[in-house]
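**Q**
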Amino acid sequence: MKYRSVVVTRRGGPDVFRIVEHALREPTIGETRIRILATTVSAPDIQARYGHTPFPPRVPFVPGYAIIGVVDAVGEGVTKAAAGDRVGALTITGGYAEYIYLNQDELIPVPVALDPAEAVTLILNYLVAYQVMHRSARVRSGDKVLIVGASGGIGTAFLQLGRLAHLTMFGIASRSKHHILVEHGATPIDYHTQDFVEVILNAEPDGLHAVFDGMGGDYVRRGLSVLRRGGTLVVYGNPLSLLGLVRLLARVVVFNLLPNGKRVKVFGTTVSRFNRRPFEEDWAVLFRLLEERRINPIIAKRFPLMEAAEANALLESGRTAGNVVLVAPELLEAPGTVQEDAEYR
Ligand SMILES: NC(=O)c1ccc[n+]([C@@H]2O[C@H](COP(=O)([O-])OP(=O)(O)OC[C@H]3O[C@@H](n4cnc5c(N)ncnc54)[C@H](OP(=O)(O)O)[C@@H]3O)[C@@H](O)[C@H]2O)c1
Numbered sequence: 244m245k246y247r248s249v250v251v252t253r254r255g256g257p258d259v260f261r262i263v264e265h266a267l268r269e270p271t272i273g274e275t276r277i278r279i280l281a282t283t284v285s286a287p288d289i290q291a292r293y294g295h296t297p298f299p300p301r302v303p304f305v306p307g308y309a310i311i312g313v314v315d316a317v318g319e320g321v322t323k324a325a326a327g328d329r330v331g332a333l334t335i336t337g338g339y340a341e342y343i344y345l346n347q348d349e350l351i352p353v354p355v356a357l358d359p360a361e362a363v364t365l366i367l368n369y370l371v372a373y374q375v376m377h378r379s380a381r382v383r384s385g386d387k388v389l390i391v392g393a394s395g396g397i398g399t400a401f402l403q404l405g406r407l408a409h410l411t412m413f414g415i416a417s418r419s420k421h422h423i424l425v426e427h428g429a430t431p432i433d434y435h436t437q438d439f440v441e442v443i444l445n446a447e448p449d450g451l452h453a454v455f456d457g458m459g460g461d462y463v464r465r466g467l468s469v470l471r472r473g474g475t476l477v478v479y480g481n482p483l484s485l486l487g488l489v490r491l492l493a494r495v496v497v498f499n500l501l502p503n504g505k506r507v508k509v510f511g512t513t514v515s516r517f518n519r520r521p522f523e524e525d526w527a528v529l530f531r532l533l534e535e536r537r538i539n540p541i542i543a544k545r546f547p548l549m550e551a552a553e554a555n556a557l558l559e560s561g562r563t564a565g566n567v568v569l570v571a572p573e574l575l576e577a578p579g580t581v582q583e584d585a586e587y588r
């Protein structure tokens, strides 16, 4: 039997994808075979395709940072999963495929009642927002915060989790997407036409408790200027190259030496490889929030798994808000599945 994956064949735009067939093999010792139900299409996939990340994957590779699937077969010695289990994983690569092979230790238990397209947004985007807010910035009810990139996959997760945490939120996004920020109780700022430092310091002369920055560059220096003493700026955006990462870390050291009572922290999900426990705890919290419908992931569009090129082109165009997700064919055809199609110009 064969299965298909969507492969990046060279660095470049969404036209570099090819669909490739592979033989379906049995899992090896400790390994599980997962039939993929949903996978994220996210900014890191695009950046990896162009090679714009500190450690780009070698070409050819299959993108797909997070998945939800069903265990299809298990290898010898697997005790933590059984055929039929609903699972998720932070795969970093490999999600744009009908099947993936993962070690049993990489699997995250996922409640079967959840829509896989919604659940998969929790594995990456909501996890980043939750950990930046609660583990890095340690926000408290009533805190005033700025979300840079508030209309994106992670940004909209911040909006929903920030509202649950009773934060006063300012959000930076293009004007055509401001209604989403307003619906979540945030004050929108248009980065094309407004100076966010001026807007925030006019509204909050004492400054903010936290800034969540997914863009980097000058946002770090300017974000610090809207923080109050004791405030924290968390940078989670991709520094785009190894040199960018080194420069960012050097600037963070310097900023933290300044005697202004403000802190800068850098957040990255790669630490999940070394210390999984906080990730497992936070995924469990997020799945519970979704089961209770206290969060409602915004899905701009669901595409069939093999239409990754079209999905990448849409995300790259900047015409979406929230999440873009690839799903298995039965989820597109399932009765009651909503085919959202919100695009912005
Ligand atoms: N640290 C980690 O572990 C981790 C994990 C995942 C992702 N990331 C990184 O986090 C960043 C955001 O990812 P995402 O998935 O949320 O991206 P996304 O869904 O593509 O959203 C990008 C956001 O950035 C905004 N934006 C674009 N240009 C801007 C500018 N000049 N100033 C202010 N905002 C601007 C967009 O606003 P409009 O569309 O409204 O114009 C949009 O809200 C990426 O760099 C990604 O690599 C890091």
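Residue numbering for the sequence shown follows the numbering used here, beginning at 244 and increasing consecutively.
For every residue, glycine included, the Cβ atom is placed at its ideal position computed from N, Cα and C.
Between which residues of its own chain and Thr-252 is the CB-CB distance below 6 Å, once the five residues before and five after are set aside?
**A** Result list for Thr-252: Val-259, Arg-261, Pro-303, in chain order.
**Q** Less than 7 Å separating the Cβ of Lys-420 from some heavy atom of ligand 1?
**A** Yes - ligand 1 has a heavy atom lying nearer than 7 Å to the Cβ of Lys-420.
**Q** Less than 8 Å between the C-beta atoms of Gly-337 and Pro-270, yes or no?
**A** No. Outside cutoff.
**Q** Are there 16 or more other CB atoms within 10 angstroms of the CB of Met-412, so buried, or fewer, so exposed?
**A** So Met-412 counts as buried.
**Q** Check the C-beta distance from Val-299 over to Ala-291 and give it rounded, since I have them as a contact under 8 Å.
**A** A small fix is needed here, since residue 299 is Pro in this sequence, not Val. With 8 Å as the limit, Pro-299 and Ala-291 qualify as a contact, their Cβ atoms being about 6 Å apart.
**Q** Here's the rule I'm using: 16 or more other beta-carbon atoms within 10 Å means buried, otherwise exposed. How should Gly-474 be labelled?
**A** It is buried - the Cβ of Gly-474 has at least 16 other Cβ atoms within 10 Å.
**Q** Using the C-alpha atoms, what's the distance from Val-507 back to Leu-491?
**A** In a straight line, the C-alpha of Leu-491 is about 11 Å away from that of Val-507.
**Q** Closest to Ala-326 by C-alpha separation, out of Pro-306, Ala-356, Leu-350, Ala-309, would be which residue?
**A** Selected option, being the one with the closest Cα: Leu-350.
**Q** Is it buried or exposed for Pro-540, if we count other Cβ within 10 angstroms and need 16 for buried?
**A** Counting Cβ neighbours within 10 Å, Pro-540 comes out buried, since at least 16 surround it.
**Q** Who are Val-507's beta bridge partners in DSSP?
**A** Looking at the DSSP assignment, Val-507 forms a beta bridge with Leu-476.
**Q** Would you mind reading off the limits of the alpha helix (DSSP H) that contains Asp-461?
**A** Unbroken alpha helix (DSSP H) run through Asp-461: 461-467.
**Q** Can you name, in chain order, every residue of its own chain whose Cβ lies under 6 Å from the Cβ of Ser-379, other than the five neighbours on each side?
**A** For Ser-379, where only same-chain residues beyond five positions count, the Cβ hits under 6 Å are Val-477, Lys-508, Phe-510.
**Q** With distance defined between alpha-carbon atoms, name the residue in Phe-455, Leu-424, Val-463, Leu-470 nearest to Ala-446.
**A** Of Phe-455, Leu-424, Val-463, Leu-470, the residue nearest in Cα terms is Leu-470.
**Q** Can you find the residues in the same chain that come closer than 7 Å, C-beta to C-beta, to Asn-499, ignoring five residues on each side of it along the sequence?
**A** So the qualifying residues of the chain are Arg-506, Val-507.
**Q** On the three-state DSSP scale, how would you describe Val-581?
**A** Note that Val-581 scores a pLDDT of 45, beneath 50, so its modelled location is shaky; the value from the coordinates is reported in the next line. Three-state DSSP puts Val-581 in coil, outside helix and strand.
**Q** Rounded to whole angstroms, what's the CA-CA distance from Gly-294 to Leu-485? Just pull it up for me.
**A** If you take the alpha carbons of Gly-294 and Leu-485, they lie about 11 Å apart.
**Q** So what does DSSP say about Tyr-293, is it helix, strand or coil?
**A** Here Tyr-293 sits in helix by DSSP.
**Q** What three-state label does DSSP hand Lys-323 in the structure shown?
**A** If DSSP states are grouped into helix, strand and coil, Lys-323 belongs with coil.
**Q** On the criterion of 16 or more Cβ atoms from any shown chain inside 10 Å, does Gly-579 qualify as buried, or is it exposed?
**A** With a pLDDT of 45 at Gly-579, under the threshold of 50, the modelled position of that residue is not reliable, and the figure given next carries that caveat. With fewer than 16 other Cβ atoms within 10 Å, it is exposed.
**Q** With a cut-off of 8 Å, do at least 3 Cβ pairs link the segment 380-388 to the segment 521-533?
**A** No, they do not touch.
**Q** What does the alpha-carbon distance come out to for the pair Val-313 and Val-442?
**A** Rounded to whole angstroms, Val-313 to Val-442 spans 48 Å at the Cα level.
**Q** Looking at C-alpha atoms only, which residue of Tyr-373, Gly-457, Ala-362 is the closest neighbour of Leu-574?
**A** Closest by alpha carbon: Ala-362.
**Q** Which residue spans inside the segment 389-441 form an unbroken alpha helix (DSSP H) run of at least 4?
**A** For the segment 389-441, whole alpha helix (DSSP H) runs of length 4 or above, ordered along the chain, are 396-407, 421-426.
**Q** Kindly indicate the opening and closing residues of the alpha helix (DSSP H) around Thr-364.
**A** Note, Thr-364: alpha helix (DSSP H), 359-364.
**Q** From the DSSP secondary-structure annotation, give me the bridge partner or partners of Tyr-344.
**A** In the DSSP output, where bridge partners are listed per residue, Tyr-344 has Arg-276.
**Q** Leaving out the 5 sequence neighbours to the left and right, which residues in its chain are closer than 7 Å to Thr-482 when beta-carbon positions are compared?
**A** For the sequence presented, residue 482 should be read as Pro rather than Thr. So the qualifying residues of the chain are Pro-297, Gly-459, Leu-488, Leu-491.
**Q** Would you call Gln-437 buried or exposed, if buried means 16 or more other Cβ atoms sit within 10 Å of its Cβ?
**A** With fewer than 16 other Cβ atoms within 10 Å, it is exposed.
**Q** Measuring only the C-alpha atoms, how far is Val-330 from Pro-572?
**A** Straight-line Cα distance between these residues: approximately 18 Å.
**Q** Quick check on the burial criterion: 16 or more other C-beta atoms within 10 angstroms. Buried or exposed for Phe-517?
**A** Label assigned to Phe-517: exposed.
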